[in-house]
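Just so we're aligned: the sequence shown equals residues 3 to 328 in our numbering. For reference, the structure discussed in these notes is given below.
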Amino acid sequence: MNQFQVSSVHYYSFINFTYSSLFLLLSIIFLPQPGNAIPISQSLQTTQKLEPTQQLINQDKIEQILQEAIKLYEQKTPESRRESIRKLEEVLILQKKADDKFGEAHTLANIGLSYSSLEENQKALSYYTSALSLFREIRDKAGEAFTLNKIGEVYETLTEKDKALEYFKLALTLARTAGDKDKEGNTLYNLGRVYFTLGEKQKALSALNQALPIYQSLNDQLEKAKILNQIALVYSDLGEKQKALFLLNQTLAIFQAVNSKVEEAVTLNNIGKIYSDLEKKEEALKYYNSALFMFRGLGHQAGETLVINNIKAMEVEKKSTPPLSI
């Protein structure tokens with residue numbers, strides 16, 4: 003199976019976008035990006051147990067600390083992200099004192115997301131589980147669906163695919179019940195990706211083809227392109243290389259239009275791999291070199307390593323191919 007997950011320590015020929023790796027790809031956790039994080043504003047819920055003046059003081063302090071956490075996270079270093087977590091823990095203490103379960107649940111989920119970005123999966127699971135309990139207690143279906151999805155992503159990272167499927171299916175039911183199209187699309191995408199890794203390609207296509215029109219209706223070009231990329235990987239695995247190539251060219255055009263550089267480099271690599279499979283080595287090398295140039299410019303070492311390995315593999319294959327007899 004030709005698949006690569008950006009956040010994984012195992013590198014393969016294709017790059018498969020995963021929502022668990024979107025910290026690397028999107029770099030923002032606290033803003034309301036699709037499939038990414040819970041908006042800060044939702045965490046600034048006023049509480050009933052404080053006097054009005056104290057409510058405002060508490061709320062202002064929470065907002066200030068959250069803004070500090072955002073700035074630290076966006077520095078993109080492990081140290082700054084750990085400091086960001088410490089800031090979120092301060093927020094959590096204030097929310098617990100105020101008995102603000104709504105805000106507390108969202109902060110727990112964001113801490114879980116932060117630990118996921120550091121690949122500390124057990125800690126992420128612990129915070130997600132706590133967030134899930136609170137979302138269920140306050141009957142926040144959207145928050146519950148979000149957290150179930152994130153737990154599924156952690157289990158997927160841990161290669162516990164059956165558990166991942168279990169949580170994704172629960173998340174999908176809740177997202178549909180809540181009428182949350184973005185979370186529904188995100189979860190269908192996750193299901194499609196896991197089915198693909200399990201070799202259940204038709205189930206993968208079914209889920210992905212349900213996700214695609216959702217993001218088309220939301221006019222979310224970035225998520226649409228990621229789904230097209232995944233569908234292309236399925237078709238490639240089914241041996242339908244031309245169909246895969248057609249979809250990847252659509253994907254590339256979208257990423258270029260929205261100036262999404264990492265994803266553009268990813269797609270260039272994937273197109274190169276298709277051409278390599280089609281034994282069009284010169285065309286493959288052209289795309290590989292473009293991907294390599296972009297990854298180097300971005301300082302994306304994992305992507306750079308992948309492309310170099312793909313080029314080396316293609317050269318070895320070329321040398322080992324015997325001449326055809328007439």
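By construction, the Cβ of each residue, glycine as well, lies at the ideal position given by its N, Cα and C atoms.
Assigned secondary structure, residue i (DSSP; H/G/I helix, E/B strand, else coil)
i	result
residue 160	coil
residue 146	helix
residue 241	coil
residue 38	Because residue 38 carries a pLDDT of 44, less than 50, the predicted location of this residue cannot be relied on, and no value is offered for it.
Limits of the unbroken alpha helix (DSSP H) element including residue i
i	result
residue 222	That residue, residue 222, is in no alpha helix (DSSP H); it is neither H nor E in DSSP.
Given residue i as reference, the closest of the options once Cα atoms are compared
i	options	result
residue 231	257, 220, 241	257
residue 62	136, 97, 168	97
residue 178	267, 216, 156, 316	216
residue 162	81, 250, 65, 123	123
residue 281	254, 316, 235	316
residue 271	284, 81, 291, 184	291
residue 174	212, 160, 198	212
residue 117	205, 86, 180, 181	86
residue 224	249, 235, 265, 198	265
residue 300	250, 307, 309, 263	263
residue 239	255, 252, 197, 125	197
residue 75	64, 104, 115	115
Beta-carbon spacing of residue i, residue j below 8 Å
i	j	result
residue 1	residue 153	Only positions 3 to 328 of the chain appear in the structure, and residue 1 is not among them; the question remains open.
residue 193	residue 176	no
residue 133	residue 107	yes
residue 140	residue 191	no
residue 268	residue 305	yes
residue 60	residue 90	no
residue 156	residue 127	yes
residue 214	residue 226	yes
residue 312	residue 274	yes
residue 147	residue 171	no
residue 120	residue 83	yes
residue 279	residue 245	no
residue 68	residue 93	yes
residue 254	residue 234	no
Practice item. Please go through the region 57 to 143 and give each complete alpha helix (DSSP H) segment of 4 or more residues, from N-terminal end onward. Key: 80 to 99, 103 to 119, 123 to 139
**Study point:** Sequence ranges, alpha helix (DSSP H) only - wholly within the region 246 to 318, length at least 4
**Key:** 263 to 279, 283 to 300
Review point. What runs of the alpha helix (DSSP H), each 4 residues or longer, lie entirely inside the region 165 to 237?
Key: 183 to 199, 203 to 219
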